[in-house]
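Visitor:
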Amino acid sequence: MSKELDKIFESFEGNRIFKDRSILQSNYIPLEIPHRNEQIKQIASILAPVLKGEKSSNIFVYGKTGTGKTLSILYVKDELLKRMKKDNDTELRIEYVNCKLRKVSDTEYRILAELIKKLGGEVPPTGLPTETVYNKFIELIDSKKQILILILDEIDQAVKKISTDFLYNLTRLNSELSKTQIGVVGISNDLTFLEGIDPRVRSSLSEEEVVFSPYNALQLQEILTHRATPAFKENVIEEGVIAKCAAFAAREHGDARRALDLLRIAGELAERENVQKILLRHIDEANIKIEREKILEVVKSEPKQFQYVLYSIIKLLERKDGPVFTGDVYNYYQEICVKNKSEVLTQRRVGDIIQEFDMLGIINVKVISKGRGGRMREIKLAISKSLVEKTKAIIEESLDYNF
DNA sequence: GTCAATTCACATGAAAGAGACCACGGTCTAGTG
DNA sequence: CTAGACCGTGGTCTCTTTCATGTGAATTGACGA
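If you count the first sequence from 1, position 54 lands on 57 in our numbering, and the numbers rise without skipping.
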């Protein structure tokens, strides 16, 4: 419904750019997935037995972000469900869970809770022993004869946060079920993920493996064209825009999601400016905007202590050229805490916080050794000057005492 | 001059604590007949 | 007698602290040429 309304509003508001914006959104599942036929066929043939009521092999899917893993799996899922015969006595259920989404499911408990919810059960958000939740899950799925395929997206993240026990339990689950059989599809961004896993779990979990290699610029270009044609009105894209988008994303290890985001944001920018076409410069602007919003959003939502640490880094780097080191940051951070009458975290913790900022791409961190001078992190900012100023302003707002 | 041991200033890991949140079951209270 | 309020216990979850161990290269100092 809302999609239809979008269309209506867009055409009424004198929109000159978009025909159907939703096509460029990352959760949109297109009818065709270019350059992934091989993988889709592979997955489909592995999962095919479930149509006859037999258990399929477990699959492990690798590939970096934005290479179409999730999309392909969901596509196969839909096709399978479409072809499922109604008269079959064993039911087929396929459930998808993203293990990374914070607040949704990044612990064993929550993944199970999420699954139970999808299967129509009910489980409180916390408070129960995990054991109970397991039992409830087993009870729920074993109530009738069915085949269950669990798609666990970003499973590497889950294991990092939980432990491999979870996977072990999962693979062992089949032996505890009498009527139902479970197949697991694990999706991982990390190609080396299975290396550190218990061999028993590894062998049962990755009976089959499917690899998604990154798209190259040419393929990205085709994908973009494929989506842009129905999404935009005719002749609103300047020559070379698509190519530029593709080039940008190809630099980011062929991330198609990124490319689509770029194109969509560029479109929105053009629309807001009320110009007729998406120009090349809109891509640049979109690129900056995505970066900027991502980072400012993060900084805003980060707790006070994190902000203090980041502020220390910014201030210290402002004062002197070249990198700063863990110790400097910690000292300055302590000062800030004292002056703002806030509690001071231990150095151990601050070290972790610094590393988290690195992961977020706000700073660049390298561990260096200065010989007898010790071993420490070398910290540099990884964002543009103007963005730093903006970040600083945001943090200063929440500071009682300004420097 | 050479080489291994030492040393610095942290990094990195593991474990456990604090405090918020919550479910569950039992007990107490107040309202009802 | 019963429904709802009110606890106490035991669970999860996140953020931290504590304790322990690891680490890369400049520095040191013993050694031999």
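Backbone N, C-alpha and C define an ideal beta-carbon position, used for all residues, glycine too.
List in chain order: all unbroken alpha helix (DSSP H) runs of 4+ residues lying wholly within the region 333 to 381.
Guide: For the region 333 to 381, whole alpha helix (DSSP H) runs of length 4 or above, ordered along the chain, are 350 to 362.
Visitor: Pair every Cβ in the region 156 to 173 with every Cβ in the region 33 to 45, then say whether three or more of these pairs are closer than 8 Å.
Guide: No: the two stretches stay apart, fewer than three of their Cβ pairs being nearer than 8 Å.
Visitor: Can you list the alpha helix (DSSP H) stretches of 4 or more residues lying completely in the region 10 to 94, in chain order?
Guide: Here the runs fully enclosed are 40 to 50, 72 to 86.
Visitor: Could you compute how far the alpha carbon of VAL368 sits from the alpha carbon of VAL302?
Guide: Between VAL368 and VAL302, the C-alpha separation is close to 18 Å.
Visitor: Rounded to the nearest angstrom, what separates ARG378 and ILE371 at their Cα positions?
Guide: Their Cα atoms are separated by approximately 6 Å.
Visitor: Excluding sequence positions up to five away, which residues of its chain have a Cβ less than 7 Å from the Cβ of SER315?
Guide: These residues qualify, in order along the chain: VAL332, TYR335, TYR336, ILE339.
Visitor: Apply the 10 Å Cβ neighbour rule to GLU7 and answer buried if 16 or more other Cβ atoms are within range, or exposed otherwise.
Guide: GLU7 is exposed by the Cβ-count criterion.
Visitor: In whole angstroms, what separates the C-alpha of GLU134 from that of LEU115?
Guide: Answer to the nearest angstrom: the Cα atoms are 11 Å apart.
Visitor: Which complete alpha helix (DSSP H) runs does the region 279 to 326 hold, if anything under 4 residues is left out?
Guide: Correct list: 283 to 304, 307 to 322.
Visitor: Would SER59 be called buried (16 or more neighbouring beta carbons within 10 Å of its own) or exposed?
Guide: SER59 is buried by the Cβ-count criterion.
Visitor: Check whether the region 148 to 157 touches the region 93 to 103, counting contact only when three or more Cβ pairs, one atom from each stretch, lie closer than 8 Å.
Guide: Taking 8 Å as the limit for Cβ pairs, the verdict is that the region 93 to 103 does touch the region 148 to 157.
Visitor: Given LEU363, which residues of its chain have a CB within under 6 Å of its CB, disregarding the five upstream and five downstream residues?
Guide: Contacts found: VAL301.
Visitor: Assuming SER29 contacts ARG260 under a Cβ cut-off of 8 Å, what Cβ separation, rounded to an integer in Å, is found between them?
Guide: Indeed, because the Cβ distance is near 5 Å, the residues count as touching under 8 Å.
Visitor: Within a Cβ cutoff of 6 Å, which residues of the same chain sit near LEU180, ignoring the five residues on either side of it in sequence?
Guide: ASP145.
Visitor: Would VAL64 and GLY189 qualify as a contact pair, given that the criterion is a beta-carbon distance under 8 Å?
Guide: Yes, the pair counts as a contact, with Cβ atoms nearer than the cut-off.
Visitor: So what does DSSP say about GLY189, is it helix, strand or coil?
Guide: DSSP places GLY189 in strand when its eight states are reduced to three.
Visitor: Do ALA252 and LEU282 have their CB atoms nearer than 8 Å?
Guide: Contact: no.
Visitor: Considering only residues of the same chain and omitting the five flanking positions on each side of ARG267, which have a CB-CB separation below 6 Å?
Guide: Once the five neighbours on either side are set aside, the close Cβ partners of ARG267 are LEU27.
Visitor: In terms of residue numbering, what span does the beta strand (DSSP E) encompassing VAL126 cover?
Guide: Unbroken run through VAL126: none, as it is neither H nor E.
Visitor: Please report how far the alpha carbon of GLN308 lies from the alpha carbon of ILE382, in whole angstroms.
Guide: The straight-line gap from Cα to Cα measures roughly 18 Å.
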